[in-house]
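Only one structure is covered here, and it is reproduced in the block below.
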DNA sequence: TAAGTTTGCTTGCATATTGCAAGTGTAAAG
DNA sequence: CTTTACACTTGCAATATGCAAGCAAACTTA
């Protein structure tokens, strides 16, 4: 994939240059909400990403510092993909997408429950989940 | 453009099926923040969308009920594109993208000012702007 | 230790999407 | 009645996507 240059300095445009496609945010979603962390995990997601596309998206996310590739504690054959704080900070965006979707689509019950919870106090929900996620990041960092 | 079918029933996935590309949200941005409303307006945006892509995105947005095509009051040669409430409800998402971009990129000063204003009280900012935008929608509706 | 198996990719190729430039039809302006 | 404005459409080359197969390194099993 060619190194994408900025189309403009509009913040929306710059952001879309990074995650404005059909797959990148799904990978982030899998990591944020479903604790997925390996190549195989992402391939298994119900949207069915093609393996070459997954590889190219992971590379793009890494180049944009949204994820990091690390040694997997279980095996050298595995790779551990980990969210950076920059990616964790996408949570408010992803939450708002959930809320929008909840208003205009039919949402699976389990996710609907999460959304309902989040709606009670968005700021608190984001803050708590962010703290939780960033704690994991730091824990792993300090134990390396 | 082929009628896109849902990849899964995940709210993020469904949402990305609609606006998960490099252009759709920029059109929405132009309408939300810069009062653009015609084909020519969108073509002029600094990102430089190709005319055929613009046509296909406008069609997609219309199919997904994010915009409506109306007669332009000034001229029959023009077409007036108008946001639906469904699109106006994307504002929280677009605001959060702004906030994220503000944290990780260098943002133009004028937009930075808007972001600063919005950050003071997100809910209030969204509510006020939404109200303003939806008022316009209703005004035009009642005068047709 | 040899023979699978798992894992994380890469490669090849068909198809779809994008981007660029030029063209078209209708409406308005001069 | 000619020119310009406006909203597209068309043709085509370049790029991206999707699918299936292949592959090497690490791991498991016997």
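Chains as they are written, first to last, in the working numbering: chain Z, 12 to 155; chain D, 12 to 155.
C-beta atoms are modelled at their ideal positions from N, C-alpha and C, and glycine is treated no differently.
If you draw a straight line from the C-alpha of residue i to the C-alpha of residue j, how long is it?
{"i": "residue 109 (chain Z)", "j": "residue 95 (chain D)", "result": "19 Å"}
{"i": "residue 145 (chain D)", "j": "residue 99 (chain D)", "result": "7 Å"}
{"i": "residue 31 (chain D)", "j": "residue 50 (chain Z)", "result": "22 Å"}
{"i": "residue 119 (chain D)", "j": "residue 36 (chain D)", "result": "19 Å"}
{"i": "residue 22 (chain Z)", "j": "residue 116 (chain D)", "result": "8 Å"}
{"i": "residue 132 (chain Z)", "j": "residue 89 (chain D)", "result": "44 Å"}
{"i": "residue 143 (chain Z)", "j": "residue 85 (chain D)", "result": "55 Å"}
{"i": "residue 135 (chain Z)", "j": "residue 141 (chain Z)", "result": "10 Å"}
{"i": "residue 126 (chain D)", "j": "residue 87 (chain Z)", "result": "45 Å"}
{"i": "residue 72 (chain D)", "j": "residue 62 (chain D)", "result": "15 Å"}
Span of the beta strand (DSSP E) holding residue i?
{"i": "residue 80 (chain D)", "result": "78 to 82"}
{"i": "residue 93 (chain D)", "result": "90 to 94"}
Which residues in the same chain as residue i place their Cβ atom closer than 7 Å to its Cβ, once the five residues preceding and following it in sequence are excluded?
{"i": "residue 103 (chain Z)", "result": "137"}
{"i": "residue 53 (chain D)", "result": "38, 41, 47, 60, 65"}
For the alpha helix (DSSP H) holding residue i, just list the boundary residues, first then last.
{"i": "residue 107 (chain D)", "result": "102 to 115"}
{"i": "residue 59 (chain D)", "result": "Unbroken run through residue 59 (chain D): none, as it is neither H nor E."}
{"i": "residue 21 (chain D)", "result": "Note, residue 21 (chain D): premise wrong, no alpha helix (DSSP H); not H, not E."}
{"i": "residue 121 (chain D)", "result": "120 to 131"}
{"i": "residue 48 (chain D)", "result": "No alpha helix (DSSP H) holds residue 48 (chain D); DSSP gives it neither H nor E."}
Among residues of its own chain, excluding the 5 on either side of residue i, which ones have a beta-carbon nearer than 8 Å to its beta-carbon?
{"i": "residue 17 (chain Z)", "result": "24, 25, 28"}
Excluding the 5 residues flanking residue i on each side, which residues of the same chain have their C-beta closer than 6 Å to its C-beta?
{"i": "residue 48 (chain Z)", "result": "91, 92"}
{"i": "residue 128 (chain D)", "result": "none"}
{"i": "residue 113 (chain D)", "result": "126"}
Suppose contacts are defined by Cβ-Cβ distances below 8 Å. Is residue i in contact with residue j by that definition?
{"i": "residue 105 (chain D)", "j": "residue 43 (chain D)", "result": "yes"}
{"i": "residue 69 (chain D)", "j": "residue 78 (chain D)", "result": "yes"}
{"i": "residue 107 (chain Z)", "j": "residue 107 (chain D)", "result": "yes"}
If residue i and residue j are in contact, beta carbons under 8 Å, what's the gap, nearest whole angstrom?
{"i": "residue 57 (chain Z)", "j": "residue 19 (chain D)", "result": "4 Å"}
{"i": "residue 97 (chain D)", "j": "residue 76 (chain D)", "result": "6 Å"}
{"i": "residue 34 (chain D)", "j": "residue 101 (chain Z)", "result": "Not a contact, Cβ separation roughly 20 Å."}
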